[in-house]
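Counting along the sequence shown from 1, when you hit position 398 you're at 1158 in our numbering, and nothing is skipped either side.
Reviewing the structure listed below.
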Amino acid sequence: MVNAGDMNGSGNLMDFLDEPFPDVGTYEDFHTIDWLREKSRDTDRHRKITSKSKESIWEFIKSLLDAWSGWVVMLLIGLLAGTLAGVIDLAVDWMTDLKEGVCLSAFWYSHEQCCWTSNETTFDDRDKCPQWQKWSELLVSQSEGASAYILNYFLYIMWALCFAFLAVSLVRVFAPYACGSGIPEIKTILSGFIIRGYLGKWTLLIKTVTLVLVVSSGLSLGKEGPLVHVACCCGNFFSSLFSKYSKNEGKRREVLSAAAAAGVSVAFGAPIGGVLFSLEEVSYYFPLKTLWRSFFAALVAAFTLRSINPFGNSRLVLFYVEYHTPWYMAELFPFILLGVFGGLWGTLFIRCNIAWCRRRKTTRLGKYPVLEVIVITAITAIIAYPNPYTRRSTSELISELFNDCGALESSQLCDYINDPNMTRPVDDIPDRPAGAGVYSAMWQLALALVFKIVITIFTFGMKIPSGLFIPSMAVGAIAGRMVGIGVEQLAYHHHDWIIFRNWCRPGADCVTPGLYAMVGAAACLGGVTRMTVSLVVIMFELTGGLEYIVPLMAAAVTSKWVADAFGKEGIYEAHIHLNGYPFLDVKDEFTHRTLATDVMRPRRGEAPLSVLTQDSMTVEDVETLIKETDYNGFPVVVSKDSERLIGFAQRRELILAIKNARQRQDGVVSNSIVYFTEDPPEVPPNSPHPLKLRRILNLSPFTVTDHTPMETVVDIFRKLGLRQCLVTRSGRLLGIITKKDVLRHMAQMANQDPESIMFN
């Protein structure tokens, strides 16, 4: 505490901010961080540690620990994300099979695991073994017939409803932020927005549990997008253990970028694709150091998942394929057609899904999230069960569609008419005419395609964890497989046509329908998300199909071109705009000829700008200004007459500074003068003690002149991550432009509702 006698001269004036007080430099919920300030603070911290490290061995060791803390965080994120992904995969396998039956020898085994241990399984009936019983066999001792089918059908629906109800209830009660994909919010958070609790421990726990439940329920959604959210929750948890990251929001976002890469790495078994996904799709600020750390986190996560071996095949990839035929130039035409289909499907899905989500937000439908989930689950289960391609899990469906038809395949899709005189090796089967099973499968796939297209529109965005990667890939894989079978049969029956003559001789294995499914899956995923480079890398890591990069690239680029012709937004950007988050997309172009003076506030007819003066306002004046306004900060000027700019003070830090001064400094009262100057004047003996707040003043706020083109202002906001920018003319303050003002102006120029930008 400071005695009254010590306050007479400015030389002895105590600046209580010489020691930082709690919460200084932190941000309020739903506000944007100041990237420049965070970078500056980290530079100061690093400089301080470097200078101290020369003082003693202990300080040197502390500086080494600080330098290595980033790699330790990456290691921990990779280990936890990989472990959680492995547990989720194993649990989903078991619970998906639980809808159809149970393993008598060990109830925690899935169907496949149950029959692995059986000695009574034949090759032809490898899915049937005495240890695994369907519910009808267990309850009424019948495996065939109408009554058994109806009982299995009923229990399938009941299990699905039970899982979905439990998931939506857990989300609603314990962690409302655990719903959805999470990628739109992750993108917004990485751009500098604060959403407290979105990456919290409860969200991590509930999202992990409910993800297993919703995927097992058979709804048309995937676990890949939510796994990015889960990995970012892990990143947020571990970064809070190290002050280097917990006290600096900019550094924390570097960790979250790497965590997103680890999430994709374990979602698809694609570590390099994960790094590229984080770079291309999610991250806002991605320095080279973060690239290396993302690579390391993705590597550790993939290694951990491989150690758990959830697929039981000693492979990391989800849909491993082994095609025995190369692709031919003539096939580029159907591949590009699949790219066009992917682009059109992406456009249709985004428009319909956003329209439905907007309706959910603006009507009474949004008040009954549990009922909506139950209704959609019931419809999905009722329609899905009769069709074998929609009854099974979507991952199994995609895996079957990607597969090449070998001599040992028992799938309907491989029911071709064989030549009895064929003496070819087993892995080189020539193209054959389609049998009854293939035609039957084509009808079922056509119905499955229509069902998946429609139901996914209504499923994505409900109040449960829901990913979009796998349903999009399923739509593309179904369409691709059907096109592939069509091209295969065309080549078989018309091998003398000019397009087939050069590369498809009679008796040759020309066309691989599974490859078309893979290309279709990439096209549809690209059409919905607008990914390109990372998509192709994820697809060949996912399947092991390294030699099919060119078809994948052709389809991905075509789908992006077609989808971009109808609108530049991917599904995640569309949901960001729907929710009104202040996300300034680096990909957007601003081409309008407006000036800073057109956007700044105050505008003509509005009240003058709320400012602080450097040495003429009392504590009470400052508190009144804070109480009467809701601005995030205030410019500081020499006087209200001259309006010459001195700096900028943040609202939150003003509140904390005054609160701490009243507690820690004797003599600070309501009529104490607040000084933002370097050397306050001497105070008369009987005057109240002044309050010196220069330490919280930003003396170098970013400024532009009133004639700066808005194109330049938008670029500055994007590249520097500014919260606000002051507008001056010859050093005199004219107004202020905030990130929200920029977003509203861009929306207005694009003929959209500027009031849709809801947050600061």
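Beta carbons are placed, not taken as given, at the ideal position from N, Cα and C, and that holds for glycine.
Remember, predicted model here, so these are calculated numbers, not experimental data.
Option in the options with minimal Cα separation from residue i
i     : options                    : result
I1550 : V1297, L850, W831          : No answer is possible for residue 1550: it lies beyond the span of the chain, which begins at 761 and ends at 1520.
K1479 : L1036, G1023, V990, Y1045  : Y1045
L836  : C993, E1442, L1173         : C993
L850  : V990, V1443, A935, V969    : V969
L973  : R1012, E1014, A920         : A920
L1250 : F1229, V1235, T1272        : T1272
D1401 : E1442, L1494, R1455, Y869  : L1494
T1463 : R1492, E1442, I1456        : R1492
M1291 : P1450, H1449, L1039        : L1039
T1150 : D1513, D802, A1022, L979   : L979
N1113 : H989, V1288, V990, I1386   : V1288
T1351 : T1472, G952, A1020         : T1472
I1110 : T1137, H1337, A1417        : H1337
L824  : G1197, A1027, T810, R1411  : T810
K888  : G1099, H871, W854          : H871
D1501 : I1258, P1362, V988         : P1362
T1378 : I1415, S1430, L839         : S1430
A1201 : I1230, N1147, F1211        : N1147
N996  : C1270, G830, L1457         : G830
G1029 : T1216, G1010, V988         : V988
G1407 : S1319, R1454, I1415        : R1454
I1142 : L915, M855, T1389          : L915
V1396 : E1388, E1380, L1369, T1389 : L1369
DSSP bridge partner residues for residue i (one or two, in chain order)
i     : result
C863  : W892
K961  : According to DSSP, which records beta bridges pairwise, K961 is partnered with nothing at all.
V1485 : Per the sequence shown, the amino acid found at residue 1485 is Cys instead of Val. In DSSP, C1485 forms a bridge with I1497.
T792  : F953
P1395 : F1408
C1258 : As written in the sequence, residue 1258 is Ile, which differs from the Cys given in the question. In the DSSP output, where bridge partners are listed per residue, I1258 has none listed.
G982  : G1227
L921  : The partner list for L921 (beta bridge, DSSP) is empty, contrary to what the question assumes.
Y1176 : A1194
R1492 : R1404, R1489
T1373 : V1397
R1361 : I1496
K1452 : Y1435
Cβ-based burial, residue i [other Cβ within 10 Å; buried from 16]
i     : result
R1504 : buried
T1219 : buried
L1344 : buried
A1510 : exposed
N772  : Any reading at N772 must be qualified, since the residue scores a pLDDT of 34, below 50, and its modelled position is unreliable; the value itself is stated next. It is exposed - the Cβ of N772 has fewer than 16 other Cβ atoms within 10 Å.
A827  : exposed
M1313 : buried
L899  : exposed
S907  : exposed
H1254 : exposed
L1459 : exposed
R807  : exposed
M1506 : buried
K1004 : buried
T1321 : As written in the sequence, residue 1321 is Trp, which differs from the Thr given in the question. W1321 is exposed by the Cβ-count criterion.
R1118 : exposed
M918  : exposed
I1497 : buried
H1467 : exposed
V975  : buried
M1089 : exposed
Where the beta strand (DSSP E) containing residue i begins and where it ends
i     : result
V1346 : Run containing V1346: none; DSSP gives neither H nor E here.
Y1083 : Run containing Y1083: none; DSSP gives neither H nor E here.
V1464 : 1463 to 1465
Enclosing alpha helix (DSSP H) for residue i [first to last residue]
i     : result
V1434 : Per DSSP, V1434 belongs to no alpha helix (DSSP H); it is in the beta strand (DSSP E), 1433 to 1435.
T1354 : That residue, T1354, is in no alpha helix (DSSP H); it is neither H nor E in DSSP.
V847  : 817 to 858
K1479 : 1470 to 1480
L1385 : 1379 to 1388
G1034 : 1031 to 1037
N1339 : 1331 to 1339
H871  : 871 to 876
is_contact[residue i, chain C] using C-beta, thresh 7 Å
i     : result
G1227 : The question asks about chain C, but that chain is absent: this structure has only one protein chain.
- Query: Which runs of the alpha helix (DSSP H) spanning at least 4 residues fall entirely within the segment 1280 to 1316, listed in chain order?
  - Reply: 1293 to 1303
- Query: In the segment 1086 to 1165, which residue ranges form an unbroken beta strand (DSSP E) of at least 3 residues, counting only runs that do not cross its ends?
  - Reply: none
- Item | Continuous alpha helix (DSSP H) assignments of at least 4 residues falling wholly in the segment 988 to 1052 | 1003 to 1006, 1009 to 1028, 1031 to 1037
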